[in-house]
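Input: a single structure, listed below in C-alpha cells.
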Amino acid sequence: MSSEQKKVMMEVKNINLRFGGVIAIQDVSFDIQEGEIRAIIGPNGAGKSSMLNVINGFYHPQEGEIWFRGEKRPSMEPYEVAKTGIARTFQNIALFKGMTTIENVMTGRQLQMSKNFFWQLLRYGPAIEEEVKHRKRCEEIIDFLEINHIRKSPVGSLPYGLQKRVELARALAMEPDLLLLDEPMAGMNVEEKQDMSRFIIDVNEEFGTTIALIEHDMAVVMDLADRVVVLDYGKMLADGTPKEVQSNQSVIDAYLGVAH
Amino acid sequence: MYFRETGQFKSKYKEELAAFPIFEDKIGIAIAALLAFVLIPIFGLPGLSWDFTMSAVMIPVVIFTITTLGLNILLGFAGQISLGTAAFMGVGAYSCYKIMTIFPDLNALICVVLSGVVTAFVGTIFGLPSLRIKGFYLMVATLAAQFFLEWAFIRIPWLYNYNISGAIEVPYKEMFGIVLTGAKSEPLTRYFVCLGFLVVLTWLASNVIRGRIGRSWMMIRDMDIAAELIGVRPLTAKLSAFAFSSFYIGISGALMVFFWLGAAEVESFDINHSFTYLFMVIIGGLGSITGCYFGAILVWVIPVILKEYGKSVFGIDAFVMENFTTILLGVVMVVILIVEPHGLARIWQIAKQKLRLWPFPY
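Going down the list, the sequences are from chains X and L. My numbering applies: residue 1097 is where the first sequence begins, and numbers increase by one. My numbering applies: residue 682 is where the second sequence begins, and numbers increase by one.
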C-alpha cells in the first residue's frame, strides 16, 4: 500500500505515561493511517498494551497529545472514546461470560440503539423493531466470522480460539472506524492463527476498517501489517514497513536478534 | 421427548425474540396461570383452610416474588450486591402511608406505584457508593443504608404520623365499590391486586432485561472494563439498576403492609428479612426471572405448609414443628447449593434439557 496520499486517522504525539516512578511509555509518537493495518510490536513490558489503553482512555498520559481525525482529542473516559468509533479486543479475553454468543455480539450494538427506557419497558413497536434490525446486522457479522453454530452457546464454555473470534465479532458489531486488537492470536495453534489472520484481512478489506494490532508472532505481523511500530522499554525503536523494521539494527538487537 | 423445539421453526427474528418461543413453555405458563388465577383462589391448597391459604401462603408469596424480582435485577442482572432490601421495602411502605395521608382521595393502587417511585429515588441515592466500590465493600455500604433507614423509621415520627404505637395503620380504601385495603377488605381482593402487580411487573422486567438496558446491566456485571469500552457509562447503568430494582422492592414493601399485614412496625423491615430475601434470590437462581418464583415459593411456602401439615396431619406441637422446618429448610438450601450452585432456575433448565431427550440419556 502506498502511504503517501493516505489520510492520517489517528496521531499520537510525544506520549509520556508514568505510574509513580515507573515509566511505562516515554516520548512515543506515531500515526495510524486510514485503511491500513498497523502493528505495534515489542518484547514483554514494552508498553504496547499501555499504548492501547491510552488510546482507549483507560490511562491518561501525563504528557502528550492524541489527534483523532484531524482534531486534538480532549481527555476522555473509555465510554466516550467508544462513541468516537474505536473498538477493542483484549489480550486476556474479556467476554461477558454469563451471556450467549449472540447476546455478546448484540452488546456491541449498544451505542447504535437509542430507544428510551419506556419503549424498552414495553418492548413493543419501535423497541422491538430496533432489536430486530440490530439482530439482523449481528447475524451478518456472525455469518462473516463463521460462528453460526455456537450462536446460542454460553461463551464461557467455548474453546479459546472461538472465544477470541466472538470477541472480534463483538468489536465488529460496533462498526468501528478504528479497531484495536490486543494479541488476537495469543495462544492459538497454526490453523487458528491462519483463520484469524484471514478474518483480520477480510475485515480490513471488506469493511475498510483501520486496524491497529499488537502481536508477538513475527511471521503474522510481517505478513499482515502495512506498517510496524516497535517499542522497547516504553521507548520507540523504529517505525516503518515490515521490511524496514526487519532490517533495522536496533530492532534486531532488541528483539528479532533472538532466534525465531 | 416431551419438551423440544424441533420442528418449531421461526422465520422472523421477532418470533424468535418472543418471551416464550417454544410451544411447551406456553403450556407451562398457562398451567401456572390457571393455578394462580383460578384453581387456588377457588379451592385453596389441599389440607389447608382456604383463609389460611390466602392470607398466609398466597398473598405473601406473591409479594415476596416481587421483592425477589427487584433484588434479582440488582444482584443477578446488574451484579451489585445489596443487603438493604428490607429497609427499602420499609421505604416503600412508609412512603405509601405518607402519600395516602397527604392525598386521602388518591387511588390506593396509584399510591403503591408512587411509593415505588419514591423508593427508586432513595435506592438511587444509596446506590451511589457502587460507583466507587464493588463486592463485599458495597455490601457493607448497603448495610449502612439498612441501619440508617431502620433508625429513620423509629426516630422520625413524621413518617408514622406521630402515632403513639410507632406503627403504621392501614386506612380504608376502595375502588369501584370494592374494598381494597383496611380491616374490612376481602383476602381474595387483596390477593388479586398483588397478583396483578406481580404479573405486570414480571412482564416489564423481562422486557427490560432482554433489551438494551438489561444488556448494559449484564455487561457491567460480567466485565465492567469491556462494558465501558463498548460505550456503557457505568454511572448510568449502575444507578438505573438501583433505581429499577428499588422500584420493585418499594412496591412490594407497600403491598406487604397495605395488602397483607394491615399494620407494620420497624421490625418488619429489619436485617433478618433482608437476609431472607437474599436467600430467595440465591436459592432461586441469580439472573433468572423464573428463579425468583422458585426461590420465593421454596423459602416461604414450604416452611409454612410443613408447619400446618405437622399440626394437622401428624399432631406435632407447633413449637417443635417451627424448629424442625427451620432445620429442614437449612438442609434443603445447603443441598441445593451443593448440587447446583446456580440455584433452582439452573436445575429447571437442566430438567428441560433432559426432557428434550427423554427417555434416552443422550
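Beta carbons: idealized from backbone N, C-alpha and C, even for Gly.
May I ask you to list, following chain order, the residues of the stretch 1153-1176 of chain X that have a beta carbon less than 8 Å from some beta carbon of chain L? Cβ contacts with chain L: Phe1154, Glu1173, Pro1174, Tyr1175.
What residues in the stretch 1181-1192 of chain X bring their beta carbon closer than 8 Å to a beta carbon of chain L? Ala1183, Arg1184, Phe1186, Ala1190, Leu1191, Phe1192
Touch check for the stretch 792-800 of chain L and the stretch 933-945 of chain L: three-plus C-beta pairs under 8 Å? yes
Partner residues on chain L for alanine 1223 of chain X, Cβ-Cβ distance less than 7 Å: The residue you call residue 1223 of chain X lines up with position 127 of the first sequence. What alanine 1223 of chain X touches in chain L: Gly892.
Please list, in chain order, the chain X residues whose beta carbon lies closer than 7 Å to that of asparagine 888 of chain L. Counting from 1 along the second sequence, the entry for residue 888 of chain L is found at position 207. In chain order: Gln1216, Leu1217, Leu1218, Arg1219.
Within chain L, the residues that glutamine 1206 of chain X reaches when beta carbons sit closer than 8 Å: Here residue 1206 of chain X is taken as the residue at index 110 of the first sequence, counted from 1. The answer, in chain order, is Arg893, Arg896, Ser897, Met900, Ile911, Gly912, Val913.
First and last residue of the uninterrupted beta strand (DSSP E) at leucine 1277 of chain X: As a position in the first sequence, residue 1277 of chain X is number 181, starting the count at 1. 1274-1278 is the extent of the beta strand (DSSP E) around leucine 1277 of chain X.
Which same chain residues, not among the five before or five after threonine 1185 of chain X, have their C-beta less than 7 Å away from its C-beta? Mapped onto the first sequence, residue 1185 of chain X falls at position 89. Within the same chain, threonine 1185 of chain X has close Cβ partners Glu1263, Leu1264, Ala1267, Leu1277, Asp1278, Pro1280.
Look at the Cβ atom of leucine 819 of chain L, then the Cβ atom of serine 866 of chain L, and state whether they are nearer than 9 Å. Position 138 of the second sequence, counted from the start, is the residue given in the question as residue 819 of chain L. Position 185 of the second sequence, counted from the start, is the residue given in the question as residue 866 of chain L. Going by C-beta atoms, leucine 819 of chain L is not nearer than 9 Å to serine 866 of chain L.
Compute the Euclidean distance between the alpha carbons of methionine 1002 of chain L and tryptophan 839 of chain L, then round it to the nearest angstrom. Here the question's residue 1002 of chain L lines up with position 321 in the second sequence. Here the question's residue 839 of chain L lines up with position 158 in the second sequence. Straight-line Cα distance between these residues: approximately 40 Å.
Using 10 angstroms around the beta-carbon of aspartate 1319 of chain X, count the other beta-carbons present and answer buried if the total reaches 16, otherwise exposed. As a working note, residue 1319 of chain X is residue 223 in the first sequence. Per the 10 Å Cβ criterion, exposed.
Neighbourhood of alanine 1145 of chain X by C-beta distance below 8 Å, restricted to the same chain and skipping five residues each side: Locating residue 1145 of chain X in the first sequence gives position 49, where the first residue counts as 1. The question names alanine, but residue 1145 of chain X in the sequence shown is serine. For serine 1145 of chain X, where only same-chain residues beyond five positions count, the Cβ hits under 8 Å are Gln1187, Asp1278, Ile1310.
Alpha carbon to alpha carbon, how far is phenylalanine 802 of chain L from asparagine 1152 of chain X? In the second sequence, counting from the first residue as 1, residue 802 of chain L sits at position 121. In the first sequence, counting from the first residue as 1, residue 1152 of chain X sits at position 56. Spanning the two alpha carbons is a distance of roughly 33 Å.
Proximal residues, the stretch 1223-1242 of chain X versus chain L, C-beta separation under 7 Å: Residues passing the 7 Å Cβ filter: Ala1223, Ile1224, Glu1227, Val1228, Arg1231, Lys1232.
In angstroms with no decimal places, state the Cα-to-Cα distance between methionine 1097 of chain X and aspartate 1273 of chain X. The residue you call residue 1097 of chain X lines up with position 1 of the first sequence. The residue you call residue 1273 of chain X lines up with position 177 of the first sequence. At methionine 1097 of chain X, the pLDDT of 45 sits below 50, so the modelled position is not reliable and the matter cannot be decided from this model.
Alanine 789 of chain L lies in the alpha helix (DSSP H); which residues open and close that run? The residue given as residue 789 of chain L occupies position 108 in the second sequence. Unbroken alpha helix (DSSP H) run through alanine 789 of chain L: 789-808.
Sequence-distant residues of its chain with Cβ nearer than 8 Å to tryptophan 941 of chain L (five each side left out): By 1-based counting over the second sequence, the position of residue 941 of chain L is 260. Counting only Cβ-Cβ distances below 8 Å, and skipping sequence neighbours, we find Ser736, Ile740, Pro741, Ile744, Arg871, Cys875.
Report the rounded CA-to-CA distance for histidine 1356 of chain X versus isoleucine 1348 of chain X, giving the unit in angstroms. Here residue 1356 of chain X corresponds to residue number 260 of the first sequence, with the count starting at 1. Here residue 1348 of chain X corresponds to residue number 252 of the first sequence, with the count starting at 1. Because histidine 1356 of chain X sits at a pLDDT of 46, beneath the cut-off of 50, its placement in the model cannot be relied upon, and the point is left open.
How long is the line joining the alpha carbons of phenylalanine 939 of chain L and alanine 825 of chain L, rounded to whole angstroms? Here residue 939 of chain L is taken as the residue at index 258 of the second sequence, counted from 1. Here residue 825 of chain L is taken as the residue at index 144 of the second sequence, counted from 1. Computed Cα separation, rounded: 26 Å.
Whole-angstrom C-beta distance between glycine 1304 of chain X and glycine 1131 of chain X, which should lie under 8 Å: Working through the first sequence from its first residue, we reach residue 1131 of chain X at position 35. Working through the first sequence from its first residue, we reach residue 1304 of chain X at position 208. Going by Cβ atoms, the distance from glycine 1131 of chain X to glycine 1304 of chain X rounds to 6 Å, so yes, they are a contact pair.
Interface partners of tyrosine 958 of chain L on chain X, CB under 8 Å: Position 277 of the second sequence, counted from the first residue, corresponds to residue 958 of chain L. Here the premise fails: no neighbours, minimum Cβ distance about 21 Å.
Is the CB of isoleucine 906 of chain L under 9 Å away from at least one CB in chain X? Counting from 1 along the second sequence, the entry for residue 906 of chain L is found at position 225. It does; some Cβ of chain X falls within 9 Å.
Helix, strand or coil, according to DSSP, for valine 1324 of chain X in the structure here? Within the first sequence, numbered from 1, the residue matching residue 1324 of chain X stands at position 228. Valine 1324 of chain X falls in the strand class under three-state DSSP.
Check whether cysteine 1234 of chain X and methionine 1209 of chain X have beta carbons under 9 Å apart: Taking the first residue of the first sequence as position 1, residue 1234 of chain X is located at position 138. Taking the first residue of the first sequence as position 1, residue 1209 of chain X is located at position 113. Not in contact: cysteine 1234 of chain X and methionine 1209 of chain X (Cβ atoms no closer than 9 Å).
Identify the contact partners of methionine 1361 of chain X in chain L, using a Cβ-Cβ distance below 8 Å as the criterion. The first residue shown for chain X is 1097 and the last is 1356, placing residue 1361 of chain X beyond what the model contains.
Test: glutamate 1132 of chain X CB closer than 9 Å to a CB of chain L: Here the question's residue 1132 of chain X lines up with position 36 in the first sequence. Chain L contact via Cβ: absent.
Chain X residues whose Cβ lies nearer than 7 Å to that of tyrosine 694 of chain L: Here residue 694 of chain L refers to the residue found at position 13 when the second sequence is read from its first residue. Neighbours of tyrosine 694 of chain L on chain X, chain order: Val1228, Arg1231, Lys1232.
Is the closest heavy atom of the ligand COA to the C-beta of glutamate 1302 of chain X under 8 Å? Absence of the ligand COA from the depicted structure is noted, as is the absence of any ligand whatsoever, leaving it without description.
Under the assumption that isoleucine 1050 of chain L contacts phenylalanine 769 of chain L (Cβ atoms under 8 Å), give the Cβ distance between them as a whole number of angstroms. In the structure displayed, chain L extends from 682 to 1043; residue 1050 of chain L sits before or after that span and is not available.
Return the CA-CA distance between serine 926 of chain L and lysine 1102 of chain X, expressed in angstroms with no decimal places. One-based indexing of the second sequence puts residue 926 of chain L at position 245. One-based indexing of the first sequence puts residue 1102 of chain X at position 6. Between serine 926 of chain L and lysine 1102 of chain X, the alpha-carbon positions lie close to 51 Å from each other.
Which runs of the alpha helix (DSSP H) spanning at least 4 residues fall entirely within the stretch 1122-1186 of chain X, listed in chain order? 1144-1152, 1174-1179
Opposing strand residues paired with glycine 1024 of chain L [DSSP bridges]: Your numbering for residue 1024 of chain L matches position 343 in the second sequence. According to DSSP, glycine 1024 of chain L bridges with nothing at all.
Inspect the CB distances between the stretch 957-968 of chain L and the stretch 748-765 of chain L and report whether three or more fall short of 8 Å. As far as the Cβ criterion goes, the stretch 957-968 of chain L touches the stretch 748-765 of chain L, which means the pair count is three or higher.
Histidine 1230 of chain X, buried or exposed, once every other Cβ within 10 Å from all chains shown has been counted against 16: Sequence index remark: in the first sequence, residue 1230 of chain X carries index 134 (1-based). Buried.
Local Cβ density within 10 Å of glycine 1143 of chain X, reported as buried at 16 or more and exposed below that: Locating residue 1143 of chain X in the first sequence gives position 47, where the first residue counts as 1. Label assigned to glycine 1143 of chain X: buried.
Does DSSP classify methionine 1332 of chain X as helix, strand or coil? What you label residue 1332 of chain X is simply residue 236 of the first sequence in a count that begins at 1. Strand at methionine 1332 of chain X.
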